[in-house]
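**Student:**
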Amino acid sequence: MESLRNHGKYQRRMFDQAVQLVRPGGVLVYSTCTINPGENEALVRYALDTYKFLSLAPQHPRIGGAGLVSRCEFPDGYVEEWLRPGEEELVQRFDPSSQLDTIGFFIAKFAVGPKDNI
């Protein structure tokens with residue numbers, strides 16, 4: 001379980017670096033080849049809560065399913081927040097059980113607003 005949580009921490013560190021490189025008015029696409037909500041929906045929640053100049057942007061074409069709206073409380077008391085209602089349709093989740101013949105993917109597209117509004 002701890003190993004799965006660590007993957008999310010690594011993703012956040014990489015995301016933090018990517019945010020520094022994108023300019024206002026730009027687009028940041030976050031994609032993984034995992035179905036782990038800690039690396040997917042939890043990262044989106046982290047990004048939106050941490051970087052107020054980011055917003056989820058619609059994706060076209062839309063092929064994948066909706067993201068997960070929820071939270072997860074671990075036995076040690078750690079709570080991982082996922083998407084909030086309304087955000088699930090702005091990401092794409094490709095589960096291995098889908099008819100799309102995938103191993104599992106996730107895509108979130110962020111619009112980058114003025115960074116001085118932090």
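Just so you know, we're using my numbering here: the sequence shown kicks off at 1 and counts up by one.
All C-beta atoms in this analysis are idealised placements derived from N, C-alpha and C, irrespective of residue type, glycine included.
(1) Counting C-beta neighbours from all protein chains within 10 Å, is the total for L43 16 or more, i.e. buried, or is it exposed?
(2) Straight-line CA distance for Q99 to Y30?
(3) Assign G67 to buried or exposed, taking buried as 16 or more other Cβ atoms, counted over all protein chains shown, within 10 Å of its Cβ.
(4) In the DSSP assignment, what residue or residues form a beta bridge with L54?
(5) Buried or exposed: which applies to E41, given that a residue is buried once 16 or more other Cβ atoms fall within 10 Å of its Cβ?
(6) For S147, write down the residues that DSSP places opposite it in a beta bridge.
(7) Expressed to the nearest angstrom, what Euclidean distance is found between the alpha-carbon atoms of G25 and F53?
(8) Can you name, in chain order, every residue of its own chain whose Cβ lies under 7 angstroms from the Cβ of E73, other than the five neighbours on each side?
(9) Thinking C-beta only, is L56 closer than 8 angstroms to V91?
(10) Can you tell which of D116, E39, Y46 has its C-alpha closest to the C-alpha of R84?
**Tutor:** To lay it out plainly:
(1) buried
(2) 23 angstroms
(3) buried
(4) V112
(5) buried
(6) With the chain covering 1 to 118 only, the question about residue 147 has no answer from this structure.
(7) 10 angstroms
(8) V79
(9) yes
(10) Y46
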